[in-house]
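Number of protein chains: 2
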Amino acid sequence: MDNFQYVNPTKLIFGKDQVKNALTKEVEYYGTRVLLVYGSGSIKKNGLYEEVLKQLNQINNVQIVELAGVEPNPRLSTVQKGIRLIKENQLDFILAVGGGSVIDCAKAISVGAHYDGNVWDIVIGKATPSSSLPLGTILTMAATGSEMNGNSVITNWDEKDKRAFSSIHTYPKFSILDPQNTFSVPMDQTVYGIVDLMSHVLEQYFHISENAPIQERFGESILKTTIEVAPKLLNDLQSYAHREVIMLNATFALNKILTMGVKTDWASHMMEHAVSAVHDIPHGGGLAILFPHWMEYVSETKPEKVAQLGIRVFDLDATTETTKLAKETIQQFREFWKSIGAPTRLSDYGIDSKEIDLMVERSIVNETIGNYVSLAKDDVRQILERAL
Amino acid sequence: MDNFQYVNPTKLIFGKDQVKNALTKEVEYYGTRVLLVYGSGSIKKNGLYEEVLKQLNQINNVQIVELAGVEPNPRLSTVQKGIRLIKENQLDFILAVGGGSVIDCAKAISVGAHYDGNVWDIVIGKATPSSSLPLGTILTMAATGSEMNGNSVITNWDEKDKRAFSSIHTYPKFSILDPQNTFSVPMDQTVYGIVDLMSHVLEQYFHISENAPIQERFGESILKTTIEVAPKLLNDLQSYAHREVIMLNATFALNKILTMGVKTDWASHMMEHAVSAVHDIPHGGGLAILFPHWMEYVSETKPEKVAQLGIRVFDLDATTETTKLAKETIQQFREFWKSIGAPTRLSDYGIDSKEIDLMVERSIVNETIGNYVSLAKDDVRQILERAL
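First to last, the sequence lines map onto chains R and A.
Counting from 1, position 285 in the first sequence corresponds to residue 1043 in the working numbering; the numbering is continuous, with no gaps.
Counting from 1, position 190 in the second sequence corresponds to residue 948 in the working numbering; the numbering is continuous, with no gaps.
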């Protein structure tokens, strides 16, 4: 392992009716002037919005300002709007109610509220936040793990650029995870969430550090459990038992325990961010397409770890030759993702080679991306072309 | 799963030379008047004591008061001595340098320093702490997981009673884990640490809640990795690579992620605490003796989960009949622990049936112990008698 520091201050409040049980007390610990951030309004259809207001209104002198309509790929302009609302109304707490996009947007707002310049500086790493407005979340979709980490992904549409940043100051103070709040997530979004959480495991599993057996086995545990439970959930979207497993798996997939002491990859995510910055496709869909192609590409030089995954997660025969094992493993991922309804080619989203130059350019922030295998522009182009 | 809340505020600082890299900065964030708590003085032999003093002395106006000689089963009288030292010298920070015993002692001191009555009230749950003096740790032995949880076990020799308590206020602010600091842990203590961490996994694995597949697979991951690495470590006690895996495994075994959403057992620990309160034997040794007997006893009515362990951790044949599988699993644990040099019978420590009444009585705090199978006095007596 490499040397590391790990701290995760987020309080997880997990289970049935936890909004009713815990929200009022948690929020009033931090403030009374709340920015309520949410997305397209699905929380108004399933009753969660009303429940949240009811609990918030139990706080003495509470004042609630709303930022609605956060986009699936949350936009810089929306973040800036949230920051303005906080400054104009002197708010002291942010409550994000939604999936990863809503939470990511709220995180950028929370550090932007304490920063005088353009918050995009923080997103692209030009400025480093040193404090933030406290943030709590109510999660409504199992996918990004944003509820228990400091990550945030923001899209700047003016520049067709989608970028991720992370800070200790953007960890939520608390996150309320009631699996019931994911019952209304439709089939396609549920599938994308499953692919997303599995991809997070893979990005960390393909690290380049030595001797991290427990981190790897934890990753395999998440993958194996997800592969067992996901098909059952997709047959019964109202199953509390299956929703809760996927929800906790998604949290563990990116609460950074898999990253302890290892240098992780993340090239596939950078390529997907580039594709969806140019074409606005669902993140989970993009990952289901790109990850098998990435695995194929890196297996040409480094098949061992892909093969290990196959043995431990798909119970493939360990005596098979390594290159063949790697191929079989990738085939298993393809088949599994296809079986749950994920797309397999970029052309499924109508993407052709026209904007491939821009997608390649947007993938590469510096000279290369990825650590497991370092990819330059030509490598990225080959992977994207194979994925068309 | 059951509803749960999880928060773990401890900052883990893991890796080579992290005392030198991080200690000064971490301590001076909290204070300058330090109670330095340590054990029998092994840290004076391996150079760690000198290194710690060197780093602490870089803090402006630092004042260091020492509490040396904390016992392997830390005593209430030592805790009380530490509390007196803090009050007399108006100290503002506690630094524990040692294994679980030293850290547990420091935790009791940290809450006792903010409590006017007898700290034993807190240990036995008669009083609940609401604050504490901040505490940091430098871990020198992989075993108890005390470096990343709120647990503390204290022995009251006047009453021959050994009791555990836990509080959010006793989580260390930081814990520095440099595997090099465990190089000098001798063979027998290394073995006890391995048994202890495995037992922690088992206590949580044998829960009585439904539908916790990821928690169970994480537990199996820790067991499997430990079983793979432990024999290699015992062949080469100076191996950084093997020490680091066991060290991180021990932390994960009891940083409570395995306890999320499940009602755990802990009967074997309560029996062991009773045995070692009466006879002062090593905790890990007691567990290696008692746990297989506990598994045998509960398998008479509930063999399924023991069998599951055998399939997933020892790769036993899943088609074998469940009762037989459970027996084979227990045999595997016995053989593994015996192979690494752990004791198998209480008589290995010269314990006979003479004080069995007292051990039974001390095991049972209320009417029964354990959740997986609820054990009354007669059950405990049978298990202890079989273990003689």
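Glycine included, C-beta positions come from ideal geometry on N, C-alpha and C.
- prompt: What is the C-beta distance between K865(R) and T790(R), in whole angstroms, given that I count them as a contact (C-beta under 8 Å)?
  reply: The Cβ separation is near 21 Å, so there is no contact.
Review point. Going by beta carbon distance, what residues of the same chain come within less than 7 Å of D954(A), once the five residues before and after it are set aside?
Key: A901, T902, H1041, G1042 and L1045
**Item:** Inter-stretch contact (C-beta, 8 Å, three-pair minimum) for the stretch 962–973 of chain A and the stretch 997–1008 of chain R
**Value:** yes
### Message
Between which residues of its own chain and T1077(R) is the CB-CB distance below 8 Å, once the five residues before and five after are set aside?
### Response
none
Please report the straight-line C-alpha distance between Q848(R) and A1065(R), rounded to a whole angstrom. 55 Å
Can you tell me the Cα-Cα spacing of D1115(A) and E961(A), whole angstroms? 24 Å
Practice item. Give the interface partners of A999(R) over in chain A, defined as CB-CB distance under 7 Å, in chain order. Key: N969
Just reading off the alpha helix (DSSP H) that N1007(A) is part of, what are its end residues? Y998 to A1011
Report back the beta-carbon spacing between A1145(A) and R1103(A) to the nearest angstrom; my notes put them in contact at under 8 Å.
-> 7 Å
**Asked** For a contact meaning CB atoms closer than 8 Å, what does N766(R) contact in chain A?
**Response** N766
### Query
Alpha carbon to alpha carbon, how far is D1038(R) from E1119(R)?
16 Å
| message | Measuring only the C-alpha atoms, how far is K1082(R) from N1129(R)? | response | 23 Å
#### Entry: Contacts that T983(A) makes with chain R (C-beta to C-beta distance below 8 Å)
P971, I972 and R975
Is N1007(R) close to chain A, meaning its C-beta is less than 8 Å from at least one C-beta of that chain? yes
Under 8 Å between C-beta atoms of K1060(A) and V1131(A)
yes
Practice problem: Can you tell me the Cβ-Cβ gap for E905(R) and L935(R), rounded? I've got them flagged as a contact below 8 Å. | Solution: 7 Å
- Given a threshold of 16 other Cβ atoms within 10 Å of its Cβ, counted over all protein chains shown, does Q816(A) qualify as buried or as exposed? exposed
Checklist entry - Given a threshold of 16 other Cβ atoms within 10 Å of its Cβ, counted over all protein chains shown, does Y787(R) qualify as buried or as exposed? => result exposed
Report task. Would you check if there are 3 or more beta carbon pairs closer than 8 Å linking the stretch 876–884 of chain R to the stretch 854–865 of chain R? Result -> no
query = When the Cα atoms are used, what is the spatial distance from Y950(R) to H1000(R)?
reply = 16 Å
Report task. For K778(R), I'd like the list of residues in its chain whose CB is within less than 8 Å of its CB, leaving aside the five on either flank, ordered along the chain. Result -> E809 and Q813
**Asked** How long is the line joining the alpha carbons of K803(A) and K839(A), rounded to whole angstroms?
**Response** 24 Å
Under 7 Å Cβ-Cβ, which residues of chain A neighbour M956(R)?
None at all; the shortest Cβ gap to chain A is about 13 Å.
Which of helix, strand or coil does DSSP assign to N779(R)?
-> helix
Rounded to whole angstroms, what is the Cα-Cα separation between Q776(R) and L897(R)? 11 Å
Which first and last residues belong to the alpha helix (DSSP H) in which D954(R) is found?
M945 to Y963
For this session: Mind listing, in chain order, the continuous beta strand (DSSP E) runs of no fewer than 3 residues lying wholly within the stretch 821–877 of chain A?
Result: 821–825 and 851–856
Taking the CB atoms as reference points, tell me whether I771(A) and S933(A) lie closer together than 8 Å.
-> yes
_Distance cutoff 8 Å, beta carbons only. Does V953(R) sit that close to anything in chain A?_
no
Note to self: For the alpha helix (DSSP H) containing R1070(R), name the first residue and the last one.
What the structure shows: E1062 to V1071
Any beta carbon of chain A sitting closer than 8 Å to that of Q848(R)? no
Can you check which of these residues, T1126(A), R842(A) and E1113(A), is closest to E738(A) by C-alpha distance? Nothing about residue 738(A) can be read from this structure; chain A reaches only from 759 to 1146.
Give the range of the beta strand (DSSP E) segment to which D919(A) is assigned.
D919 to S924
Should P989(R) be labelled buried (16 or more other beta-carbon atoms within 10 Å of its own) or exposed? exposed
Strictly below 9 Å CB to CB, what residues from chain R border F1072(A)?
Per Cβ cutoff of 9 Å: no residues; F1072(A) is ~15 Å from chain R at best.
Within chain A, partners of D760(R) - CB distance below 8 Å: G773
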